[in-house]
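So the sequences go chain by chain: A and B. Be aware that the first sequence starts at 11, since it is given in the working numbering, and climbs by one per residue. Be aware that the second sequence starts at 1439, since it is given in the working numbering, and climbs by one per residue. Cβ coordinates follow ideal geometry from the N, Cα and C atoms, glycine included. Nothing here was measured: the structure is a model prediction, and the numbers come from that model.
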Amino acid sequence: MNALQGTLWGFVVVSALVQIAQVQHHRDLLQVWQAADKQRYLLLQEHTRLVLEKSTLLANGRVDQLARKRLNMKDPEQVQVLSE
Amino acid sequence: MTETSLEPQENSIVRWRFTLVLAVFGLLLAVVLGRLVILHTVDQPFLFEQGEKRTVREEVQPASRGMITDRFGTPLAVSTPVVTLWLNPQQVNIQQLPAVAKDLDIPAHTLVKSVERAASQGRSFIYLKRQVEPDVAEKVLARRVAGVYGDEDFRRFYPAAEITAHTVGIVNIDGKGQEGLELAFDDYLRGHDGERKVVKDLYGNVIKQLEVNAVAENGPDMALTIDLRLQYLAYRELKAAVQQHHAKSGSAVIVDAHTGEVLALVSQPSYNPNNRATLKPEDMRNRAIADLIEPGSTMKPFTVAAALNSGRFFPSTQIDTSPGYVRVKNKTIRDHRDYGVLDITGIITKSSNVGVTYLAHKLGAEVIWDFFTKAGIGQPGVLGFPGEAVGVLPYPEQLDSLRLATASFGYGLAVSPLQLAQSYTAFAGGCRQSVRLIMRDEDKPACEPVMSAKVSRQILDMLETVTSDKGTGSRARVEGYRVGGKTGTAHKVGRGGYEDSAYTAVFAGIAPISDPDLVLVVVIDEPQGQEYYGGEVAAPVFSRIMGQALRLRQVAPDIPSKNTLQMAGGGA
């Protein structure tokens, strides 16, 4: 009877310790997940910022203006001497 | 001598004091224990609830709205992460608010006043500022002001701004579609927000996740058939034309003649969807699909096609249009002048009202109505957009001789510019394509046969004569390409019937004629000044857009050049 009681108490103690460890493990994982989620969020911010920046730089109106004003480009003609 | 005892003497006062102190301590302990028992039993539900209220949060993780792109993946609408700052007036320290207000560039006294008012009303939530740039929000949250929190949010940006504003549409501050595709496909683009229950500390850090009710699912991306390059040049040319002619509005539609894919859909005036402060409802109207126009002479090719398709007429059939007018039910239908005897091609080239009236009366209302219906005239809507115009085509029994005559040259019926462009795809092989704006993986949908391939070829050749020197649309010509089309100038309908001095100038055309690639419809509404005919106002816009569009799409010129490209140093 004493041996059985001892075993049961042992189980109780072990399961309590396991539960404490699991809770701690869960919190550690939550921290890791939170950090990863924050990283994802920051990367998403960076990605969309770059997408918008690229779109702004490549905007047809801007390229059109730059090509005409800065590079002196013009619409192609049907017959054209490319260079002399 | 007195004898002194070294034994401690019993002192009743000491014992009494000891007992009293012990009793007081015991009493205090009993009170504490009693209080503990009360807190753990009687007050437990209340305290548990209050504790939960202060630490457990039902948190919504917003889903990112799907990106809208053009056919090549160029972004047209992008959701970017921002932060919505809010505060709990019950927890916040008023003294710290001026610094927060300074970071957010809002007047400190306004913020303090609104927080004090909310606190006095017992509220535990007010927005500090919505959709704040992440770096600004970080600065505010770094102050670690108790009661100030930041939630993830998304803000919609439209990189192409005015150019695609009408087509893509706009969302409100809550990310809900309000106009255009954003409204039509709101459920598809929105995705599903995530929901979880977490324990948070005073500064908003999650310290425990209790349950996850839903995982955030971002909205899927959506690719449009729009080609942003064509959209841009159509927008640029249309805007220039509307400004040049001081027109009320305008629209242009480019459709792939073989697939029905809408490559450009522009309207004027437009608006900048990135700046909600300047939005005007009248600028937000997508005139290419929401406005109905009487197509005028641009309908004549359909009347002629119906005649040729009946087998009773041929391109060479001669029709006498003398004396340049015809009386129908006490109304006079006129040509610009007496063209005399014209063949069927000549009717299109000269845009003869008398000629098409003759053909329509010979064919009868039933045949005309059936042909127009197959061509897509009078359809309820072609894209399924909210606010899309419903076409108007009177039933055969409503088409008496006068209404039949006017319908044959595009009066008494109504189409949107997009519907007109869709109808013109029938001339590229005889089959009308169903226009679409969303890219789909599935095979090309079946088209609606309208006329035989032979008749469509004959009509194309006739449309080409319109852009010849003899035709009404010579200004629609494009160097290097065979171009066909039809001009249209329709009187606008006012309160007292047709207005004398308000017109809609239209040009609908197709190119290149040898192997049609694009259909383009240009509509200029109420051009002011001396020029108001479709051939004067809309045709030049058509020419500029079509020429650039064909070159951009690398469509081979179908007019052989007399000169060859000269290369410097070329030997041969």
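Discussion item. Relative to the C-alpha of A/K84, which candidate in B/Q1986, B/Q1992, B/S1839 has its C-alpha closest?
Written reply: B/Q1986
Practice prompt. Can you say whether B/R1455 is buried or exposed, counting buried as having 16 or more other CB atoms within 10 angstroms of its CB?
Written response: exposed
Worksheet entry | chain B contact residues for A/G71, given Cβ-Cβ distances below 7 Å | Y1670
Discussion item. Taking only three categories from DSSP, how would you classify B/M1900?
Written reply: helix
Discussion item. Need the endpoints of the alpha helix (DSSP H) that A/N70 sits in, please.
Written reply: 70-79
Worksheet item: Distance, Cα to Cα, B/P1832 vs B/G1850?
Response: 8 Å
Item to complete: To the nearest angstrom, report how far apart B/I1815 and B/G1922 are at their CA atoms.
Response: 20 Å
Practice prompt. Could you please give me the residues that DSSP links to B/E1617 through a beta bridge?
Written response: B/I1608
Practice prompt. Can you grab the Cα-Cα spacing for the pair B/D1955 / B/L1988, in whole Å?
Written response: 8 Å
Item to complete: Examine chain B for any beta-carbon lying closer than 8 Å to the beta-carbon of A/R3, and answer yes or no.
Response: Nothing about residue 3 of chain A can be read from this structure; chain A reaches only from 11 to 94.
Practice prompt. Go through the region 1459-1520 of chain B residue by residue and report every complete run of the alpha helix (DSSP H) that reaches 4 residues or more, in order.
Written response: 1482-1493
Discussion item. Within a Cβ cutoff of 8 Å, which residues of the same chain sit near B/E1969, ignoring the five residues on either side of it in sequence?
Written reply: H1683, V1975
Worksheet item: Is B/S1689 helix, strand or coil when you go by DSSP?
Response: strand
Discussion item. By DSSP's criteria, B/G1923 is part of a beta bridge. Which residues make up the other side?
Written reply: B/G1947
Practice prompt. Using a Cβ-Cβ cut-off of 8 Å, state whether A/V61 counts as contacting chain B.
Written response: yes
Worksheet item: Taking the alpha carbon of B/R1674 as the point to measure from, which residue in A/D47, A/A13, A/P86, A/A69 has its own alpha carbon closest?
Response: A/A69
Practice prompt. Could you tell me the distance, in whole angstroms, from the CA atom of B/G1934 to the CA atom of B/E1964?
Written response: 17 Å
Discussion item. Taking 8 Å as the threshold (beta carbon to beta carbon), is A/L40 in contact with chain B?
Written reply: yes
Discussion item. Excluding the 5 residues flanking B/P1597 on each side, which residues of the same chain have their C-beta closer than 6 Å to its C-beta?
Written reply: P1513
Item to complete: For A/Q75, decide whether its Cβ has a neighbour in chain B, counting only Cβ atoms nearer than 8 Å.
Response: no
Worksheet item: What is the residue span of the beta strand (DSSP E) that B/N1651 lies within?
Response: 1644-1652
Practice prompt. Would you be able to state if there are at least three C-beta pairs under 8 Å between the region 1699-1711 of chain B and the region 1602-1616 of chain B?
Written response: yes
Practice prompt. May I ask you to list the residues that DSSP assigns as paired with B/F1595?
Written response: B/V1516
Worksheet item: Would you report the Cα separation of A/R78 and A/R72, rounded to the nearest angstrom?
Response: 10 Å
Practice prompt. Pull up the distance between the alpha-carbon of A/S25 and that of B/A1654, whole angstroms please.
Written response: 35 Å
Fill in: B/P1483 to B/T1493 span [Cα, whole Å]
15 Å
Fill in: Beta-bridge partners of B/H1929, as assigned by DSSP
B/Y1941
Fill in: 8 Å CB neighbourhood of B/E1902 in its chain, flanking five on each side removed
R1920, V1921, G1922, I1951
Worksheet item: Hey, out of B/G1698, B/I1692, B/V1636, B/N1610, whose CA is closest to B/A1715's CA?
Response: B/N1610
Fill in: Straight-line gap, B/T1755 to B/T1736 (C-alpha atoms, nearest Å)
21 Å
Discussion item. Within 8 Å of any Cβ in chain B, is that where the Cβ of A/T66 sits?
Written reply: yes
Worksheet entry | Euclidean distance between Cα positions of B/W1524 and B/R1634 | 19 Å
Worksheet item: Which residue comes first and which comes last in the alpha helix (DSSP H) that contains B/A1743?
Response: 1738-1747
Item to complete: Could you check how far apart the C-beta atoms of B/V1553 and B/V1583 are, in whole angstroms? I think they sit under 8 Å.
Response: With 8 Å as the limit, B/V1553 and B/V1583 do not qualify as a contact, their Cβ atoms being about 11 Å apart.
Practice prompt. For A/L54, return the contacting residues in chain B, with the cut-off set at a CB-CB distance below 9 Å.
Written response: S1502, T1518, P1519
Worksheet item: Any beta-carbon of chain B closer than 8 Å to the one on A/T17?
Response: no
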